[in-house]
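These notes are about the structure you will find just below.
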Amino acid sequence: MNHSLKIGIAFGLTSGIITTLGLIVGLHAGTHSRMVVIGGIITIAIADAFSDALGIHVSEESENIHTHKEIWTSTLSTFAAKFLCAISFLIPLLILPLSAAIWASLIGGLSTLALLSHLIAKSQGNRSLPVIAEHITIACVVITLTHLLGNWISTWTS
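The sequence shown begins at 949 in the numbering used here and counts up one residue at a time.
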């Protein structure tokens, strides 16, 4: 797999997992509404996927070392990875009760992040556990903060 494709997929998946899990947990804590969580996921899948893709595009252009094709490969693979990753979180919400769907999303998302972290570590000849621990810890910080924020916001409407 070429470098530009790896950049886009790794960035898109990581951002898709962490952003969408944070959104799901925060919206659930704040509203306990399936429709609000579903709407948030669809919004993230579109708006944040385009935003991240443009961010990668501008970042790659600013380095002034990539070809036009490499830049667009990173851009499109970032969009596709982020969009598909975020949209995939709809599956548990459409087939499970809301609380179970939240837990399934957390388990699935963190497992995917751990697998991606393992693959990255191995491709670089590094030990997997420290890389997995670092990435999962960051994700858990985001998830915890968004949960607390959702709880805090919910007190405004009670």
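Just so you know, even glycine gets a beta-carbon here, dropped at the ideal spot from N, CA and C.
From a predicted model like this one, the values you see are computed outputs, not experimental measurements.
Cβ neighbour criterion (16 or more within 10 Å) applied to residue i
i	result
glycine 1073	exposed
threonine 1026	buried
Between the CA atoms of residue j and residue i - distance to the nearest angstrom
i	j	result
methionine 983	isoleucine 1086	27 Å
proline 1040	asparagine 1012	42 Å
leucine 1044	serine 1053	11 Å
alanine 991	leucine 1002	Checking the sequence, you will find threonine at residue 991 rather than alanine. So the two alpha carbons sit approximately 16 Å from each other.
glycine 987	leucine 1046	14 Å
phenylalanine 998	valine 1006	12 Å
Same chain only: Cβ atoms within 6 Å of residue i, ignoring 5 sequence neighbours per side
i	result
glycine 964	Lys1030, Cys1033 and Ala1034
leucine 1064	Leu961
valine 1079	Ser1065 and Ala1069
leucine 969	Gly1057 and Ile1091
glutamate 1008	His1014, Ile1019 and Ser1022
aspartate 1000	Ser963, Thr1026 and Lys1030
Among the options, the one whose alpha carbon lies nearest that of residue i
i	options	result
isoleucine 1101	Ala993, His980, Ile1043 and Thr1023	His980
leucine 1096	Leu1041, His951 and His976	His976
tryptophan 1051	Ile966, His951, Val973 and Val1006	Val973
threonine 1094	Ala958, Leu953, His951 and Leu971	Leu971
Span of the alpha helix (DSSP H), counted from its first residue to its last, around residue i
i	result
isoleucine 957	951–979
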